[in-house]
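Position 293 of the sequence shown, counted from 1, bears residue number 293 in full-length UniProt numbering, the numbering being contiguous throughout. Idealized CB from N, CA, C, for every residue including glycine. These numbers were taken from a predicted model, which means no experiment stands behind them. Have a look at the structure below, then the notes.
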Amino acid sequence: MPGRLLSLVRPAPASSPPLDQLKGHKKHSDTPLFPPVYSVERPSQKNKSQESLVMEAFKRHGLGGRQNSFKKSPKTSPKAEPQPAAVLNMLVESPPLVFFNSPQTSTGAIISGLLNIEVHEPNVTLEHMEMRLLAIVTTKKPVHQHCSDCTSQTTEIHKWEFLRGAVQLHFGQHSFPFSHLVPGHLPATTHGQITALDYYLDAVATLSNGKKLEYKRALDIKRSIVPGPDKHSIRIFPPTNLTASVKLPPVVHPIGDFGVEMRLSGVTQTKDDSQSRWRLRKLNWRIEETQKSISPACPKHANKVGGEGKGILHDDTRTIASEEVKTGWKTDFTEGNIDCEFRARCNIAHNPLCDMDSQSGMSVRHNLVIEMVVAEEWAPLKKLNQATPTGAARVLRTQFHLVLTERSGMGISWDEEQPPLYEDVPASPPTYIGDYDGPPLHDEHDELHLGP
Ligand SMILES: [Zn+2]
């Protein structure tokens, strides 16, 4: 789908969690913001993988060495290299990184572990050792095809400096502990069709002889929106009297099915001596995934998009599941209701993404689209079971926002391991409608299409 030009509007940063209120964690007032500073490597020829784009980003910026922990590069020379004086390695001790709840309310996730240096010689002198937590955004559709700065942007989220001055290390293993509360407003790792967001730990140790030891590790950051109450929505279909009330789960997951309950009411209209009513003929559902991203132009190529601070918006909607519900609804013309229940699920073969929203302009959203065909029939009140189709039919189409998120599984937010204090109980009862606090939903408009 061709992108369209737009001004690159950068929304205000999402409010960070109140880190300063969290005991035992110092305040991170310098939390870096998205979007990242531009940098990096040459764009894809078509079949270039996102991973190779990221690798090029590392190479271009000297962020990594020839030997990368997540991708073995083929040796350029058959000669065996001498054993290095020391090698870096890592032991991550914290559980998988999961941000619980929305970017506005998530308290983040803690990463902790040991950066290990294995010394192979009697002594080495370490001049400097640092590690950075990086976010790298790469696009397969850069503003300029062969411009590294248009293709990838790197942001430093955090930096650890392990040494204040040179130290001598003896033969054997030496461990440097590290930890960080990764802010929960950051978007989760996402590999979209066009744009990918990845996180890496990138460690570099510099020896006194100038040699550098390097280590890189990809971090898969997930988000899990903890389910609240079921969502109830009502849709009307003027000019008919039909109303659909739908009950949906508050969140759904990439794997596994979920139940949808729908009642269509107002199907029967009784006049003096006759009744006209809508019979449900067909019911389809589908899940649509909309991915948006902005390819920013580097300063050199800003003229291609009409000036600095602009980019190209890529906006793509795809269907990640669909099905026709053949049976299973109950029609009650006396009450004027049709009740349906069906199970829906994402098709894993389409690699569904979780919802996300990044200040770099990347977002992923989902809608459940329900389409019904109803046909009108007429019957005299005296012979209600002798109905005749009138020939009128309508297609009723409506959609509902679905929140697609990772399962929370057995994970417990690091700050919720203790039961809530009494002061935490809200003063008013929770609301069940309109409690969605994200960006406005655009699924409130019913569409009515006349059938054949
Ligand atoms: Zn460029």
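Query	Result
Separation of H366 from K141, as counted between CA atoms	23 angstroms
Limits of the alpha helix (DSSP H) - the one that S148 falls within	S148 to T151
A85 - DSSP class collapsed to helix/strand/coil	coil
Limits of the beta strand (DSSP E) - the one that K216 falls within	K212 to L219
Selected residue, minimal CA-CA separation from F342, among E288, F258, H350 and D272	F258
Given S363 as reference, the closest of K292, A188, Q275 and S94 once Cα atoms are compared	K292
Rounded separation between K300 and T139 - CA only	17 angstroms
Cβ-based neighbour list, R42, same chain, cut-off 7 angstroms, excluding 5 preceding and 5 following	For R42, the pLDDT reaches just 31, beneath the cut-off of 50, and the residue's location in the model is therefore unreliable, leaving the point undetermined.
Segment contact flag, the stretch 266-277 with the stretch 380-388, C-beta cutoff 8 angstroms, min 3 pairs	yes
Contacts around S224, its chain only, beta-carbon distance under 6 angstroms, and the 5 residues preceding and following it disregarded	V98, F100, T405, E406 and S408
Cβ-based burial, residue 508 [other Cβ within 10 Å; buried from 16]	Here the chain covers residues 1 to 452 and nothing more, so residue 508 does not appear.
A196 classed as buried or exposed, judged by whether at least 16 other C-beta atoms fall within 10 angstroms	buried
Check: H144 C-beta below 7 angstroms from any heavy atom of ligand 1	yes
Identity of the residue in P389, N385 and V369 nearest A375 by Cα	P389
Cβ pair count under 8 angstroms reaching 3, the stretch 167-186 against the stretch 122-141	yes
Same chain only: Cβ atoms within 8 angstroms of S69, ignoring 5 sequence neighbours per side	Here S69 scores only 39 on pLDDT, less than 50, and its place in the model is too uncertain to base an answer on.
Closest residue to I312 among K304, I294 and A135 (Cα-Cα distance)	I294
Contact between the stretch 174-186 and the stretch 99-117 (3+ Cβ pairs under 8 angstroms)	yes
Y199 (DSSP reduced to helix, strand or coil)	strand
Proximity of V369 and E288 at Cβ, strictly below 8 angstroms	yes
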